[in-house]
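Participant:
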Amino acid sequence: MNALIDAIRKNSFLVFGRAGMDMFATPEGTKSEHAESFRADLGGSSANICAGLCKLGAESALVTSVSDDAVGRFCLNRLRHYGVDTRYIRSIGGEYRTSLAVYESCIEDFQNVIYRNNAVDFQVTNEDVDQPDYAAFGALITAGTVFAAQPSRGSTFRAFENARKVGMPVIFDIDYRPYSWVSAQDAAEVLSRAGDESDLIVGNDEEFGFMAGDMDKGLEKARELARRPGRIVIYKMGQHGAITLADGQEIRTGIYPVTAVKPNGAGDSFMAGLLAGLAEGRDLREAVLRGSACASIVVSQPGCAPAMPTTAELENFLATHPGPTAA
């Protein structure tokens, strides 16, 4: 585990996965079908993680593809706005499209309509993933959606190989989205392979249960993965907190209760807060709690990337919040 933590403390991350445009109804509480206006900003799980890391003082570079059109350029501009390195992003013409998510800031009957027809981020090739100098970064991060289709599935596993050649650890956010996959069986097999090849694995109880082939065996699957020396596995349970498994220990942590306005973006912000905390030299329990605080901040505000906290905003939240629930 020490090698993994040391790599994270370099505070520089090479991230694989999608960037997209988010459009969320305004004002807060408006259902999408009744909205007269929407606010646009950056979205997509990997792009959100990148933005969250940068806002917490880390460096991040995104490896993906965007469509060579106004929406793709919008995403590139917003990534740069948040400080993300975009040099490894390729713009692709033709009929491939950058993803679009249309959602609202209200918890009751929350709706998130995602357009992933001819998704351009699946077009990342071996040539794309060979571009970065892996040795210049501390760790590789990927979200599971990249594995749902070719060529990005094969190219991301190639990126894993590139990382291993320079001793760079792999951080894997399971991020299972059924609509992206041809079949559940295919997803379970591929995501399990990605988990086997990763050094830090983050997922929720449903995702681990899915990988195990039985929703009641998710924690058992997480424990099995955590048996490999040096690996950290974080098993998230929503309002019940998280169990962090590392070096034979199980660390249980609670959540920071807030009044949520939406459910999405929490996992991306958790990842950013966790890694930034570890990069700052904090112990595993404190880093997980900081990730949980970031998740709570994001669900309490509209949008995803714009709601990711800065270090100052995170510190203010922690200073004014009564504290996490009991583990």
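Residue numbers (UniProt numbering): 1 to 327. Here a beta-carbon is modelled for each residue, glycine too, at the ideal position from N, C-alpha and C. Here the structure is a predicted model, which means the values were calculated and not measured.
(1) Can you find the residues in the same chain that come closer than 6 angstroms, C-beta to C-beta, to Gly-29, ignoring five residues on each side of it along the sequence?
(2) Tell me whether Val-166 is buried or exposed, calling it buried when 16 or more other Cβ atoms sit within 10 Å of its Cβ.
(3) Give the DSSP-derived three-state secondary structure of Gln-239 in the structure shown.
(4) Taking Cβ to Cβ, would you say Pro-324 is nearer than 8 angstroms to Ser-292?
(5) Closest by CA to Thr-286, which one among Pro-306, Ile-251, Pro-302, Leu-62?
(6) Count the C-beta pairs between the region 71-83 and the region 106-118 that are closer than 8 angstroms, then say yes if the count reaches three, no if not.
(7) Here's the rule I'm using: 16 or more other beta-carbon atoms within 10 Å means buried, otherwise exposed. How should Ser-183 be labelled?
(8) With a 10 Å radius around its C-beta and 16 neighbouring C-beta atoms as the bar for buried, classify residue 342 as buried or exposed.
(9) Evaluate Gly-138 with the Cβ neighbour count: other Cβ atoms within 10 Å of its Cβ, from every protein chain shown; 16 or more gives buried, anything less gives exposed.
(10) Which word fits Asp-175, buried or exposed, when buried means at least 16 other C-beta atoms lie within 10 angstroms of its C-beta?
(11) Name the DSSP bridge partner or partners of Asn-112?
(12) Smallest Cα separation from Val-63: which of Arg-39, Gly-83, Tyr-88?
(13) Starting from Arg-290, trace the alpha helix (DSSP H) both ways and give me its first and last residue.
(14) Distance check for Met-211 and Ser-192, CA to CA, integer angstroms please.
(15) In whole angstroms, give me the CA-to-CA distance for Leu-14 and Ala-61.
(16) Roughly how many whole angstroms lie between the Cα atoms of Val-129 and Thr-86?
(17) Which residue wins for smallest C-alpha separation from Ala-101, given the options Val-233, Ser-12, Phe-38, Pro-309?
(18) Please state if the CB of Ala-47 and the CB of Ala-3 are separated by a distance shorter than 8 angstroms.
(19) When you compare only the Cα positions, how much space is there between Ala-242 and Met-271?
(20) What runs of the beta strand (DSSP E), each 3 residues or longer, lie entirely inside the region 163-189?
(21) Counting pairs of Cβ atoms below 8 angstroms between the region 135-149 and the region 157-165, do you hit three or more?
(22) Determine which residues share a DSSP beta bridge with Glu-59 and list them.
(23) Do Cys-54 and Gly-83 have their CB atoms nearer than 8 angstroms?
(24) Would a C-beta distance cut-off of 8 angstroms place Glu-104 and Ala-25 closer than the cut-off?
(25) Distance, Cα to Cα, Asp-268 vs Arg-282?
(26) Please name the residue or residues paired with Val-120 in a DSSP beta bridge.
(27) With 16 as the cutoff for other CB atoms within 10 Å, does Arg-228 come out buried or exposed?
(28) Assuming Asp-173 contacts Gly-144 (C-beta within less than 8 angstroms), just tell me the rounded distance between them.
(29) Are the beta-carbon atoms of Leu-278 and Ile-5 separated by less than 8 angstroms?
(30) With DSSP as the reference, label Ser-37 as helix, strand or coil.
(31) Who are Val-258's beta bridge partners in DSSP?
(32) Any idea if Glu-127 is buried or exposed, counting beta-carbon neighbours within 10 angstroms, 16 or more meaning buried?
(33) Using the C-alpha atoms, what's the distance from Gly-43 back to Leu-225?
(34) Hey, would you say Gly-52 sits closer than 8 angstroms to Cys-294, going by beta carbons?
(35) Could you check where the beta strand (DSSP E) with residue 354 kicks off and where it finishes?
Facilitator: On the basis of the coordinates in this document:
(1) Non-local beta-carbon contacts of Gly-29 in its own chain, meaning distances under 6 angstroms to residues more than five positions away in sequence, involve Cys-106 in chain order.
(2) By the 10 Å Cβ count, Val-166 comes out exposed.
(3) Helix.
(4) Using a Cβ distance threshold of 8 angstroms, Pro-324 and Ser-292 count as a contacting pair.
(5) A quick correction: the sequence has Glu, not Thr, at residue 286. Comparing Cα-Cα distances from Glu-286 to each of Pro-306, Ile-251, Pro-302, Leu-62, the minimum goes to Ile-251.
(6) Below 8 angstroms, too few C-beta pairs join the region 71-83 and the region 106-118 to call them touching: fewer than three.
(7) Exposed, since its Cβ has fewer than 16 Cβ neighbours within 10 Å.
(8) Residue numbering for the chain in the displayed model covers 1 to 327; residue 342 lies beyond these limits and cannot be assessed.
(9) By the beta-carbon neighbour count (other beta carbons within 10 angstroms, threshold 16), Gly-138 is buried.
(10) Asp-175 should be labelled buried.
(11) Residue pairing from DSSP places Asn-112 in a beta bridge opposite Tyr-103.
(12) Ranking the options by Cα distance to Val-63, first place goes to Tyr-88.
(13) That run of the alpha helix (DSSP H) goes 284-299.
(14) Taking C-alpha positions only, Ser-192 is separated from Met-211 by approximately 6 angstroms.
(15) Computed Cα separation, rounded: 5 angstroms.
(16) One Cα belongs to Val-129, the other to Thr-86, and the distance between them is close to 13 angstroms.
(17) For the residues Val-233, Ser-12, Phe-38, Pro-309, the minimum Cα distance to Ala-101 belongs to Phe-38.
(18) Taking 8 angstroms as the Cβ cut-off, Ala-3 and Ala-47 do not qualify as a contacting pair.
(19) For Ala-242 and Met-271, the gap between their C-alpha atoms comes out near 13 angstroms.
(20) Scanning the region 163-189 for uninterrupted beta strand (DSSP E) segments of 3 residues or longer gives 170-173, listed from N- to C-terminal end.
(21) By the criterion of at least three beta-carbon pairs nearer than 8 angstroms, the region 135-149 is in contact with the region 157-165.
(22) Ser-12, per the DSSP bridge assignment.
(23) Yes. Within cutoff.
(24) Yes, Cβ-Cβ distance for Glu-104 and Ala-25 is below 8 angstroms.
(25) Roughly 19 angstroms between the two C-alpha positions.
(26) Answer is none; Val-120 lacks a bridge partner.
(27) Label assigned to Arg-228: exposed.
(28) The Cβ separation is near 7 angstroms, so the contact holds.
(29) With respect to Ile-5, Leu-278 sits close: the two C-beta atoms are nearer than 8 angstroms.
(30) The DSSP-derived three-state label of Ser-37 is strand.
(31) Per DSSP, none; premise fails for Val-258.
(32) Label assigned to Glu-127: exposed.
(33) Rounded to the nearest whole angstrom, the CA to CA distance from Leu-225 to Gly-43 is 30 angstroms.
(34) Yes, these two residues count as a Cβ contact at 8 angstroms.
(35) The structure shown does not extend to residue 354, since the chain is modelled only from 1 to 327, so the question has no answer here.
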